[in-house]
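Residue numbers (our numbering), protein chains in the order written: chain X, 92 to 376; chain H, 3 to 253.
Glycine included, every Cβ here is placed at the ideal spot set by N, Cα and C.
Worksheet for the structure shown next.
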Amino acid sequence: MKLIGEKGVKRILMLTAFSAISALLLIALFILNEGLPFIFKYGVKDFLFSSDWNPHLGKYGIYPMIVASLWVTFGALVIGAPLGVAGAFFLTEYVPKSIMRIIKPTIELLAAIPSVVYGFIGVMVLAPLIRNNFGGPGLSLLAASIILGIMILPTVISISIDSIMAVPQSYREGSLALGATTWQTIHMVTVKASKSGIIASIILGMGRAIGETMAVIMVAGNSVNIPHSPLDSVRTLTANIALEMSYATGLHRQALFATGVVLFIGIIILNSIASVVLRKRAVKK
Amino acid sequence: MKTKFHIKDLDLFFKEEKVLKQINFEIPANKILGIIGPSGSGKTTFLRALNRMNDLEDGTRIEGNILLDEEDIYKPDYDVVALRKKVGMVFAMPVPLPMSIYENVVYGVRLSGVNDSKLLDELVEKSLTASYLWDEVKDRLKTSGMRLSGGQQQRLCLARVLAMEPEVILLDEPCSGLDPISTAKIEDALTVLKKDYTIILVTNNTKQAARVADNTAFFLMGELIEIGSTGQIFTTPNRIETNDYITGRFG
Numbered sequence: 092m093k094l095i096g097e098k099g100v101k102r103i104l105m106l107t108a109f110s111a112i113s114a115l116l117l118i119a120l121f122i123l124n125e126g127l128p129f130i131f132k133y134g135v136k137d138f139l140f141s142s143d144w145n146p147h148l149g150k151y152g153i154y155p156m157i158v159a160s161l162w163v164t165f166g167a168l169v170i171g172a173p174l175g176v177a178g179a180f181f182l183t184e185y186v187p188k189s190i191m192r193i194i195k196p197t198i199e200l201l202a203a204i205p206s207v208v209y210g211f212i213g214v215m216v217l218a219p220l221i222r223n224n225f226g227g228p229g230l231s232l233l234a235a236s237i238i239l240g241i242m243i244l245p246t247v248i249s250i251s252i253d254s255i256m257a258v259p260q261s262y263r264e265g266s267l268a269l270g271a272t273t274w275q276t277i278h279m280v281t282v283k284a285s286k287s288g289i290i291a292s293i294i295l296g297m298g299r300a301i302g303e304t305m306a307v308i309m310v311a312g313n314s315v316n317i318p319h320s321p322l323d324s325v326r327t328l329t330a331n332i333a334l335e336m337s338y339a340t341g342l343h344r345q346a347l348f349a350t351g352v353v354l355f356i357g358i359i360i361l362n363s364i365a366s367v368v369l370r371k372r373a374v375k376k
Numbered sequence: 003m004k005t006k007f008h009i010k011d012l013d014l015f016f017k018e019e020k021v022l023k024q025i026n027f028e029i030p031a032n033k034i035l036g037i038i039g040p041s042g043s044g045k046t047t048f049l050r051a052l053n054r055m056n057d058l059e060d061g062t063r064i065e066g067n068i069l070l071d072e073e074d075i076y077k078p079d080y081d082v083v084a085l086r087k088k089v090g091m092v093f094a095m096p097v098p099l100p101m102s103i104y105e106n107v108v109y110g111v112r113l114s115g116v117n118d119s120k121l122l123d124e125l126v127e128k129s130l131t132a133s134y135l136w137d138e139v140k141d142r143l144k145t146s147g148m149r150l151s152g153g154q155q156q157r158l159c160l161a162r163v164l165a166m167e168p169e170v171i172l173l174d175e176p177c178s179g180l181d182p183i184s185t186a187k188i189e190d191a192l193t194v195l196k197k198d199y200t201i202i203l204v205t206n207n208t209k210q211a212a213r214v215a216d217n218t219a220f221f222l223m224g225e226l227i228e229i230g231s232t233g234q235i236f237t238t239p240n241r242i243e244t245n246d247y248i249t250g251r252f253g
């Protein structure tokens, strides 16, 4: 330590901190640089709102993928958000703290399972189940929504738990001491006081669902079309990039980068909303 | 004189630790009982045993009995929600619920299923008047209860308990964070309220007990050292520990 000195240490740490930020900046610049020129050349309207995706004919309309991504994300939220939020309330308000301390890390472990494993289970278990019970190809919007719904659970549950635990115990005691039941206390007081954190947890889960690629490729079926039922096969924006990038060249390659630009902007918007919601909560305190 | 609470051989454990030891006494109705003692003496724990708020702490266990109107409040099928409606509580830290002044006052009553707005309006005025807060807030009942000053918040907390029309009011150091004027207002309210309620006041301020309590109990290290009329406790205590504490020799 003597050798480098206090100033040297500070510089080294600063360098490491900046490396993360510069990586983000470089990635953003790279994607924008590769993708934006294409979008303007091809036409914003044609690129975003045309349903014709035929790279070998020079047609690059990503509308079906945008719709698919939105539906898959929406489906994941319909499944994951209520399960996650209800689970978080159960764990914080009904389960003794000692047990909660074991269950919460276990749920967070769900996030450590590689997404390819989720995809694998989706293909082997979920898709046949859907095919045999509801018809269709099995690999579908519904399958992708269910798998993603499970994958966002750790995000939703653990951030919801944090925000519910941040509600002062005195609110609960004040309510219970007035003869409220635990359930009345939850829905009259705790939900209100932890609302912003819960919303943020859902938005962050949403970001994860939009960005997920591997599991979705494995279970969504990947045909380019606008879904008419949950049982249809769909291809999301992320799947589109991952599936075609390996052999794409020229304009096709640029179109895939442009797809990345669309995703990137969407996720930035979501994360900004989440951090604004979370900051509002901090200010209120 | 009617007995409200009858405490028999009460022991209270928190995990392995014995927090209250062999408490035995009766609390008469329509009087103010002051409970004094140094911090850590178990007085707050005792108070929270009376409306079973200690149940919320994992690892709390009691032996012995607490009878409210001769009915054991710890018997297995006892309705805790009904108990807390009968035995209201004001905490040391005034914490209004995150809603308007009006909604804070009617919170408990609404939960009991009362929704008649005329009835609720009357209740709000009556409760806030009784807690000496009405004149200060009558023009802004819709603003958040959290925007009030500390002293006003505590009187709001008292009002929301009064709105429940309980039989007993437990107060846990209600004036510990308040200025002398707010303290005086709360004390005035209590002396008027004892006509209709049994009041149990835990306080770190021995002078407050001397001012408002009819009877005073002195707790030390989880034991009830002495209980008697406030006059007797403060002038001729029977136990040397009581004398040391009220004369400020320790604690």
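Using the C-alpha atoms, what's the distance from residue j back to residue i?
i: E127(H); j: D253(X); result: 38 Å
i: L85(H); j: G270(X); result: 7 Å
i: N129(H); j: I359(X); result: The sequence as given places Ser at residue 129(H); Asn does not occur at that position. About 51 Å.
i: R299(X); j: T183(X); result: 24 Å
i: P182(H); j: S287(X); result: 38 Å
i: I248(X); j: A257(X); result: 14 Å
i: V100(X); j: L117(X); result: 25 Å
i: V108(H); j: M191(X); result: 33 Å
i: L217(X); j: A234(X); result: 7 Å
i: M279(X); j: I64(H); result: 31 Å
i: S292(X); j: A365(X); result: 8 Å
i: T246(X); j: V307(X); result: 18 Å
i: F180(X); j: L201(X); result: 18 Å
i: E199(X); j: F140(X); result: 38 Å
i: Q210(H); j: L168(X); result: 56 Å
i: G42(H); j: L222(H); result: 8 Å
Count the other C-beta atoms from every protein chain shown that fall within 10 angstroms of the C-beta of residue i, then say buried if there are 16 or more, exposed otherwise.
i: M215(X); result: exposed
i: V310(X); result: buried
i: K375(X); result: Here the model assigns K375(X) a pLDDT of 49, short of 50, so the residue's position is not dependable, and the following value carries that caveat. By the 10 Å Cβ count, K375(X) comes out exposed.
i: A111(X); result: exposed
i: E2(H); result: What the structure shows of chain H is the stretch from 3 to 253, and residue 2(H) is not part of that stretch, so it cannot be assessed.
i: G226(X); result: exposed
i: G126(X); result: buried
i: S324(X); result: buried
i: V98(X); result: Note that residue 98(X) corresponds to Lys in the displayed sequence, not to Val. It counts as exposed.
i: T107(X); result: exposed
i: S113(X); result: exposed
i: L120(X); result: exposed
i: D118(H); result: exposed
i: A203(X); result: exposed
i: I255(X); result: buried
i: E175(H); result: buried
i: T249(H); result: exposed
Which residues in the same chain as residue i place their Cβ atom closer than 8 Å to its Cβ, once the five residues preceding and following it in sequence are excluded?
i: Y185(X); result: T273
i: Y199(H); result: N32, P168, E169, V170 and I171
i: Q154(H); result: L135, E138, V139 and S184
i: K371(X); result: S287
i: M105(X); result: none
i: L150(H); result: P98, I103, V139 and L158
Here's a check: name, in chain order, each residue in its chain whose Cβ is nearer than 7 Å to the Cβ of residue i, leaving out the five neighbours to either side.
i: T193(H); result: V214
i: Y104(H); result: V126, L143 and K144
i: R157(H); result: S133, Y134, L135, K187 and I188
i: I317(X); result: S142, P155 and V158
Just to confirm my understanding: we take residue i, look at its own chain, exclude 5 residues before and 5 after, and list those with CB closer than 6 Å. What are they?
i: W144(X); result: G152 and V315
i: G110(H); result: M166
i: G253(H); result: Here G253(H) scores only 48 on pLDDT, less than 50, and its place in the model should not be relied on; the value that follows carries that caveat. For G253(H), where only same-chain residues beyond five positions count, the Cβ hits under 6 Å are P40 and Y247.
i: I29(H); result: K6, F7 and L35
Can you tell me the Cβ-Cβ gap for residue i and residue j, rounded? I've got them flagged as a contact below 8 Å.
i: N362(X); j: M156(X); result: So it is not a contact: roughly 21 Å between Cβ atoms.
i: A204(H); j: L160(H); result: Before going on, a small fix: residue 204(H) reads as Val here, not Ala. In fact, because the Cβ distance is near 15 Å, the residues do not count as touching under 8 Å.
i: V97(H); j: G265(X); result: 5 Å
i: I238(X); j: G296(X); result: Contact doesn't hold; Cβ gap of about 13 Å is too wide.
i: G240(X); j: I170(X); result: 3 Å
Would you mind stating whether residue i and residue j have Cβ atoms separated by less than 8 Å?
i: I229(H); j: F27(H); result: yes
i: G229(X); j: P219(X); result: yes
i: R50(H); j: V82(H); result: no
i: V176(X); j: S236(X); result: no
i: T232(H); j: A212(H); result: yes
i: I34(H); j: K196(H); result: yes
i: T327(X); j: S206(X); result: no
i: L342(X); j: G134(X); result: no
i: L377(X); j: V163(X); result: For chain X, the structure presents residues 92 to 376; residue 377(X) sits outside this window and is missing.
i: K23(H); j: E243(H); result: no
i: L267(X); j: L52(H); result: no
Verify the CB distance criterion: does residue i have a CB-CB separation below 8 Å to chain B?
i: Y104(H); result: No chain B is part of this structure, whose protein chains are labelled X and H.
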